[in-house]
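What follows is a set of notes on a single structure, which appears directly below.
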Amino acid sequence: MTRYTPDLFAADHADLTMIRRDIHRHPETAFEEQRTSQIVAEKLASWGIEVHRGLAKTGVVGTLKGKRPGQKTIGLRADMDALHLQEKNEFDHASVHANKMHACGHDGHTTMLLGAAKHLAASPDFAGTVHFIFQPAEEGEGGARVMIEEGLFDVFNCDAVYGMHNMPGLRKGNFAICAGPMLAASDSWQVTFKGTGGHGAMPHMGTDPTQPAAQFILAVQGIVGRNVPPTQPAVLSVGHIHAGTFGSPNVIPSEVLVRGTARSYTPEVRALLERRLGEVAAGIAQACACEAEYKYFKRYPPLINSVEQTTLAVEAAALTVGRDRVDPNTPRITGAEDFAFMLEKKPGAYIMIGNGGAEEGGCHYVHSPLYDFNDEILTTGAAYWVNLVQLELGDAA
Ligand SMILES: [Zn+2]
Ligand SMILES: [Zn+2]
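Encoded structure:
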């Protein structure tokens, strides 16, 4: 089989760079990616790819059938949204919109997948079907979940799905992945401790919710230390406390609100954190003659790569840049990613591509106002996608 190296895409590099910088200059945030999805849809259509629009408002799915017969279908996914952030870069392609910026490189992800789509449309030498999935609202709003709820996999069946994200700190064009849990579940939770409150000089006349709140905040770390298996990572952090009025230190408040985040890597640990936070809050509240109102918000599930597809992703990356530049056992990341919703439904793999390492002068981390996607890796990413399609669908009959 053909090995697609980035230099085979050299003729497209200038064009891809132009597309990437144009999208960077015009960032659009969650579910408002109108201009970006228009560009994506027009490009796909111009290459003869069947285009479906409207899933999760701005989602675009391009469908390409190989010229050889085959039943297998795979989905390749890129995210299109930007962040609410004021860009501090001063280069020509810096954002023209105040407080909006492609600070996570989704402009690059979209462009790399377009590069692969163009190539595959020109020579569809594979058996089966590829769905190019361009999703909105990865940053915090769960665009992938919305696309699934609106029927993504009912309309476009996928036997496997694949995603890719750039990674500052990793040498440009290197790849990193691991089988199993790779990114954390990101949930939030809140407890409102309720008492009667009252005069600060007469605490015995009422019930004081600051007591259980204080004990609870310390007890939270006991959940990680005593309930979660020591071999499993988990994080519980308190991020917000609110009670009373600044001008009234002599008033015992009647409510104390405590909010925090929960990170975990397996559905079991995730469920454990959800259950124990509620139990600990209720138990401590009862001990203090108060009540606890508890809410747990499931945001993004853990991102779990399936073994078989991870092996294929590693092979595709090795074909692209050489095996010595692929780390198949990268450490887990405590960040989250909504591609995890797709991996809850379908087997697949999510890989990181290096955006530039310290030995190369480094680059700003994602979500920094000085971040920029590295255009040098556009053709590397496109080549990876094409290699992956060949591995998945190349030999099928
Ligand atoms: Zn991000
Ligand atoms: Zn991102």
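With the working numbering applied, the sequence shown covers 14 to 410.
For each residue, glycine too, the CB sits at the ideal point set by N, CA and C.
This one's a predicted model, so the numbers in the text were calculated from it and none came from an experiment.
- Excluding residues up to 5 positions away in sequence, L332 lie with their Cβ nearer than 6 Å to the Cβ of R16 in the same chain.
- D92 sits in a strand when the DSSP states are folded into three classes.
- According to DSSP, residue pairing for W202 in a beta bridge involves G273, Y309.
- By DSSP's assignment, R81 forms a beta bridge with A140.
- Shown here for P19: same chain residues with a beta carbon closer than 6 Å to its own, the five before and five after excluded, namely T392, T393, A396 in chain order.
- Within the region 22-71, the complete beta strand (DSSP E) segments at least 3 residues long are 63-66, listed from N- to C-terminus.
- By DSSP's assignment, L196 forms a beta bridge with L316, I346.
- The Cβ atoms of E41 and A95 lie closer than 8 Å to each other.
- Annotation: the continuous alpha helix (DSSP H) that includes Y397 extends over 391-406.
- Within a 10 Å sphere around the beta-carbon of S199 sit 16 or more other beta-carbons, which makes this residue buried.
- Scanning the region 324-380 for uninterrupted alpha helix (DSSP H) segments of 4 residues or longer gives 352-358, listed from N- to C-terminal end.
- In this structure the region 298-316 does not touch the region 238-257; the number of beta carbon pairs closer than 8 Å is below three.
- Annotation for C376 indicates a beta carbon at 7 Å or more from all heavy atoms of ligand 1.
- DSSP places P262 outside both helix and strand once states are collapsed to three, so it counts as coil.
- For the 8 Å CB-CB criterion, S319 and T274 do not form a contact.
- Distances from the alpha-carbon of T86 to those of V143, P137, V73, R66 put V143 closest.
- Spanning the alpha carbons of L404 and M177 requires a straight line of approximately 16 Å.
- Contact holds between the region 35-52 and the region 60-76, because three or more Cβ pairs, one in each stretch, are under 8 Å apart.
- Closer than 7 Å to some heavy atom of ligand 1: that describes the Cβ of H380.
- Between F206 and A129, the gap from beta carbon to beta carbon reaches 8 Å or more.
- Counting other Cβ atoms within 10 Å of its Cβ, A214 stays below 16 and is therefore classed as exposed.
- Taking the Cα positions, K131 is about 20 Å away from G118.
- Going by beta carbons, T209 and T220 fall inside the 8 Å limit.
- Here the distance from the Cβ of E41 to the nearest heavy atom of ligand 1 is not below 7 Å.
- Excluding the 5 residues flanking it on each side, L29 has same chain C-beta neighbours closer than 6 Å at T124, G128, L391, in chain order.
- In this structure, the straight-line span from the alpha carbon of L183 to that of A116 is close to 17 Å.
- Three or more beta-carbon pairs drawn from the region 355-368 and the region 160-173 are found closer than 8 Å, and the two stretches are therefore classed as touching.
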